[in-house]
Every structure is written in C-alpha cells, then in structure tokens.
Amino acid sequence: MKTIYSLLLAAVFLPLVLTAQIRELSFYEVRPRTKPIVIDGKIDKDEWKGVPVHDSYYEYWKGNPGPGALKTELRLAYDQTGLYMAVANYDDHIPKLKRTITESDNPNLWTDDCGEFYFDPAADGIGYTKFIINANGAKYDMRRQDAAVYLHDWSGTFWKAAVSIGKDAWYAEAFFPWDDLNGIGKPGSLWQFCHARFSWTKGFRGMVNSPGGNYNNTNSFGFIYFSDGKTVLDPMKVGRILAGKASAPWCVPCGQLLVSYNGTRIKTDDLADLLKQEKEKCRYLFMELEALQPSGGMAGTIGKIRKGLTGAEKKNGMTAYKIYCAAAEQLFLLKWNLLLKRNFN
Numbered sequence: 460m461k462t463i464y465s466l467l468l469a470a471v472f473l474p475l476v477l478t479a480q481i482r483e484l485s486f487y488e489v490r491p492r493t494k495p496i497v498i499d500g501k502i503d504k505d506e507w508k509g510v511p512v513h514d515s516y517y518e519y520w521k522g523n524p525g526p527g528a529l530k531t532e533l534r535l536a537y538d539q540t541g542l543y544m545a546v547a548n549y550d551d552h553i554p555k556l557k558r559t560i561t562e563s564d565n566p567n568l569w570t571d572d573c574g575e576f577y578f579d580p581a582a583d584g585i586g587y588t589k590f591i592i593n594a595n596g597a598k599y600d601m602r603r604q605d606a607a608v609y610l611h612d613w614s615g616t617f618w619k620a621a622v623s624i625g626k627d628a629w630y631a632e633a634f635f636p637w638d639d640l641n642g643i644g645k646p647g648s649l650w651q652f653c654h655a656r657f658s659w660t661k662g663f664r665g666m667v668n669s670p671g672g673n674y675n676n677t678n679s680f681g682f683i684y685f686s687d688g689k690t691v692l693d694p695m696k697v698g699r700i701l702a703g704k705a706s707a708p709w710c711v712p713c714g715q716l717l718v719s720y721n722g723t724r725i726k727t728d729d730l731a732d733l734l735k736q737e738k739e740k741c742r743y744l745f746m747e748l749e750a751l752q753p754s755g756g757m758a759g760t761i762g763k764i765r766k767g768l769t770g771a772e773k774k775n776g777m778t779a780y781k782i783y784c785a786a787a788e789q790l791f792l793l794k795w796n797l798l799l800k801r802n803f804n
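For the sequence shown, our numbering gives the first residue as 460, with consecutive numbering after it.
Written as structure tokens, this is what we have:
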C-alpha cells in the first residue's frame, strides 16, 4: 500500500516537476561610443574593437530550443544620434545564399537569407519596430502598436544598412537613428530586443538570440541595456536590472555564472557546479533505470538519451547544462512511467 501511495504522489507531482523549468533570458550590454561607425557592410576590427559580442543563439520557433545550427555574432553600440549594429552570419554553404530580392520594402524579404531585428524601447511586450536586412542589403521595416494593430506601411526615414559576403560568412552593418527606433537609448535604459536569423542554404535553418523569441512571442524577447561604458556590470547588478522588468522566475547566463530570480531573491550559481549536479543526477537515473530492466522501445529511448549526452561537455557551460537538465527530466519521466506501468498494469 505504501508503494502504491508513493507512486500516486509521484504521478500527481510529476507534471509540476516537469514544468518547473525557469525561463532563460538574453541580456546584452550596449556601450556608448564617441566616434561614428562607417556603415559599409565590413566589420572593421578598429571600429568595432572592444564592443561586446553576443554569440549565444538558439533554434528558432521551438518551445525548448537547443543551440542554433549556425554561428552568429551580434554587436551593438550607440551614441547621441542612434544605434549601430554589426552581424556576422557564418554559413557552411555561402555559395548557396538565397538572395533573390533586391528592392526594399518587399514584405517577402524574410524568404531570403536575412536578419530580422525587433526593438521595443518600452520593454513591455506590446509594441515594437521591426527591421529586416537580406544578404543583398535590401531593407524592410514595419511597426506594431499592439497585438491587434500592425503598421506594415510604416517606413523609417534615415536608417541605413550595408552588407558584404566573405568565404565563410556574410556580414551586415546598420545604423538606426533614434526617431526610427521610436525611443532614445540613454545610460540606464532597458529595452527588449530580438534578432532572428534565417538561412536557406541547406533547407531552412532559423536562429534567434533569445530562447522562444519571435514576431508573435514578444514576452520571450531578450533585453539590451544601455550602459555608461564605465560602470562594471557584475552578475548581481545584471540581476537587479532585470528583476525590475522581467517576470519571475527566470535565469540569465553571465560568463561562467548563472543569475536567477524567483520573485523574491536574486542569486548566482557557478555553471560548472550546476552541470556537475545534473551529470550526477543523470548517472543515478541511468543506474535506477538499468536496475528496472527496461525493454523494447523504452530501452531504445534510454539509449538515445545516453547517446545525446555524448560530447555535451564540449559545449559552452549554459548549453551543456541545458542538455543535461533535459536528459535528467526525460530519464525521470521514463523511470516513473515504468514504475507506474509495472505496479498498476
């Protein structure tokens, strides 16, 4: 009777365990500069020297996305006149870049190799300004006022973009004046931002800078913070900045640390320690499942999970941690599924 009671409790609380994962946020510090950047589509080492690089990208339009298929690097900087942007789009099939559209204001620009950029100065998930740049340098823009009103005929006045194509990547540079962004970035400003990249060189491959972010899911946009360029943004300060805007619970990677907020407390954890805990959890779950002697399809599923962990540690800290968390969750579910079947069938 005690065994049955324990299993029933597991069945009740299992869904809570599996849905307890907290949302991962994207955070980028935009630093000021004193000299303008020439927008020529070439990411000049001197002009962009010292500008932080955002290179954590995820599968596009996925509920629990894995790492993006293609390496992508984003840089942002600002001055009194507007926002500068540089993107390096690495691709393993550069000669097959799809760039059929050459005219601007074509709503089908997203069907080419391109980047979509969404800016929400209010950081409230209601409205945004959207810009698209394809591998030809053709441009498209529009504005959303709210979930019901889309201004597809809106056009920015002075924003500009240029691209260049290299051996293993295509590059885009852009400048957005504050008027076209519908807001002014000042030290201390926190905006929501989303960058989605579409590649068509080998079927469709989509990458996004913020997990779950897309044109219809503004709540999963990432955040950009305009700093003064002098104050050091330590992980706890990043946590305090986001705690005032992002709904809890959430986490955000900061180097080798993971900052998290549960609605009452901000804390930091070493990603290496968290990864070690999840690895140990997986090891015990594999042992428990082996003792239960699964067969057939379940044994095959366990084998696939084990195979999926191969090489995970070679990924960056957050990616490896997420892979092991997902594996532990699947193994936990399989374990209780097997126990329930054996005790109630």
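Ideal placement from N, C-alpha and C gives every residue a C-beta, glycine not left out.
Taking 8 Å as the cut-off, the Cβ atoms of isoleucine 585 and aspartate 605 count as close. Rounded to the nearest whole angstrom, the CA to CA distance from serine 719 to lysine 704 is 14 Å.
Boundaries cannot be given for asparagine 678, as no alpha helix (DSSP H) includes it and DSSP labels it neither H nor E.
Of all C-beta pairs linking the region 667 to 687 to the region 511 to 522, three or more are shorter than 8 Å, placing the two stretches in contact. With the rule of 3 Cβ pairs closer than 8 Å, the region 671 to 684 counts as touching the region 477 to 496. The region 600 to 614 makes no contact with the region 538 to 552, as fewer than three CB pairs between them are under 8 Å. Closest in alpha carbon position to leucine 535, among Gln736, His654 and Cys741, is His654. Counting of Cβ neighbours within 10 angstroms places glycine 596 among the buried residues, the total reaching 16 or more. In the three-state DSSP reduction, arginine 724 falls in the coil class, being neither helix nor strand. Looking at the DSSP output, leucine 649 shares a beta bridge with Tyr684. In the DSSP assignment, isoleucine 592 falls outside any alpha helix (DSSP H) and lies within the beta strand (DSSP E) extending over 587 to 593.
Beta-carbon to beta-carbon, tyrosine 783 and glutamate 737 are separated by about 4 Å, close enough to satisfy the 8 Å threshold. Shown here, arginine 801 sits in a helix according to DSSP, grouped into three states. For histidine 552, same chain residues with a beta-carbon under 7 Å away, outside a window of 5 residues either side, are Thr660 and Lys661 in chain order. Under the three-state reduction of DSSP, lysine 773 is assigned to helix. The shortest CA-to-CA distance from glycine 767 to any of Ala786, Gln752, Asp638 and Gly755 is the one to Ala786. The three-state reading of DSSP puts asparagine 565 in coil, since its state is none of H, G, I, E or B. Pairing glycine 770 with alanine 731 gives a Cβ-Cβ distance that is not under 8 Å.
DSSP, read as helix, strand or coil, puts phenylalanine 617 in coil. Residue pairing by DSSP places leucine 716 opposite Cys713 and Asp729 in a beta bridge. DSSP, read as helix, strand or coil, puts glutamate 575 in strand. When only Cα atoms are considered, tyrosine 609 and asparagine 567 end up about 16 Å apart. Counting C-beta atoms within 10 angstroms of its own C-beta, aspartate 687 has fewer than 16 neighbours from the protein chains shown and is therefore classed as exposed. Residues of the same chain with a CB within less than 8 Å of the CB of lysine 794, apart from the 5 flanking positions on each side, are Leu744, Glu747, Leu748 and Leu751 in chain order. Put simply, the backbone Cα of aspartate 728 is about 10 Å away from that of leucine 734. Relative to the Cα of arginine 765, the nearest Cα in the group Gly522, Cys741 and Ala594 belongs to Cys741.
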